[in-house]
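> Submitted below is the structure of interest, expressed as structure tokens.
Put into structure tokens, the structure is as follows:
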């Protein structure tokens, strides 16, 4: 079973006792002296699935849509994506406004994502949205909060330069088969263009 959480420094105390505590302190001191050694674990929302089906059609949807059994949750254009989300509002009128906002944020990403996936590619990426539009800049840092954690990226860093060229961003955790089976990530080098930033689950701060 895949790990459900990332290990914390304090966990070393429980696993290794005083030796683990010293190792944790050493790692923290090292990060303070050289923050470029910091590895960032990305976590976003909502969970999305995108790629091309066996017919070569591009699909961009959320996790619930991809696994849907009672409706077609694999839209092949932005309007169908809006329609899919809109159908949820019909079943739950109390959340209609929330679904409308959700659709208005997710649908524009479809076009950026489609351009990023080569026509000959087949399969799906499974990940989380990091941002739906260019992040705001505060004190020369891109700032965005897709979920609980707020991320801050130096605009002059390698990643910051990639964010500057993008319109939307996603972190990819794994691949997914047509049947919904989780697969390891093959190669993110297949991603093309700059508008849709696609990054792996962890990156090293540079």
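In this note's numbering, the protein residues as written are 830 to 1035.
Backbone N, C-alpha and C define an ideal beta-carbon position, used for all residues, glycine too.
1) Would you call residue 957 buried or exposed, if buried means 16 or more other Cβ atoms sit within 10 Å of its Cβ?
2) Residue range of the beta strand (DSSP E) that residue 1002 falls in?
3) Along the chain, which unbroken stretches of the beta strand (DSSP E) at least 3 residues long are found entirely within the region 862–943?
4) Can you give me the Cβ contacts of residue 932 inside the same chain, cut-off strictly under 6 Å, excluding the 5 residues immediately before and after it?
5) Considering only residues of the same chain and omitting the five flanking positions on each side of residue 1024, which have a CB-CB separation below 8 Å?
6) Measure the alpha-carbon distance for residue 1027 versus residue 847 and round it to whole angstroms.
7) In the DSSP output, which residue or residues are listed as bridge partners for residue 1012?
8) Beta-carbon within less than 7 Å of residue 978's beta-carbon, same chain only, minus the 5 sequence neighbours each way: which residues are those?
9) The alpha helix (DSSP H) that contains residue 992, what's its start and end?
10) Taking residue 1022 as the reference, give the member of 992, 965 and 959 with the closest Cα.
11) For residue 967 and residue 989, I'd like the C-alpha separation in whole angstroms.
Put simply:
1) In the chain shown, the residue the question calls residue 957 occupies position 128. Around the beta carbon of residue 957, 16 or more other beta carbons lie within 10 angstroms, which makes this residue buried.
2) Translated into positions along the chain shown, residue 1002 becomes position 173. That run of the beta strand (DSSP E) goes 997–1005.
3) Counting only runs of 3 or more, we get 868–870, 876–881 and 887–891.
4) Position 103 of the chain shown, counted from the first residue, corresponds to residue 932. Closer than 6 Å at Cβ, skipping near neighbours: 911 and 914.
5) Along the chain shown, one-based indexing puts residue 1024 at 195. Taken in chain order, the residues that qualify are 941, 944, 945, 994, 995, 996 and 997.
6) As a position in the chain shown, residue 1027 is number 198, starting the count at 1. As a position in the chain shown, residue 847 is number 18, starting the count at 1. Roughly 40 Å between the two C-alpha positions.
7) Reading the chain shown from its first residue, position 183 is the one you call residue 1012. Note: residue 1012 sits in a beta bridge opposite 1004.
8) On the chain shown, position 149 is the one that residue 978 refers to. So the list reads 872, once near-sequence residues are dropped.
9) On the chain shown, position 163 is the one that residue 992 refers to. That run of the alpha helix (DSSP H) goes 987–994.
10) As a first step, residue 1022 must be located in the chain shown, where it is residue number 193. For residue 1022, the nearest C-alpha among the options comes from 992.
11) Locating residue 967 in the chain shown gives position 138, where the first residue counts as 1. Locating residue 989 in the chain shown gives position 160, where the first residue counts as 1. If you take the alpha carbons of residue 967 and residue 989, they lie about 13 Å apart.
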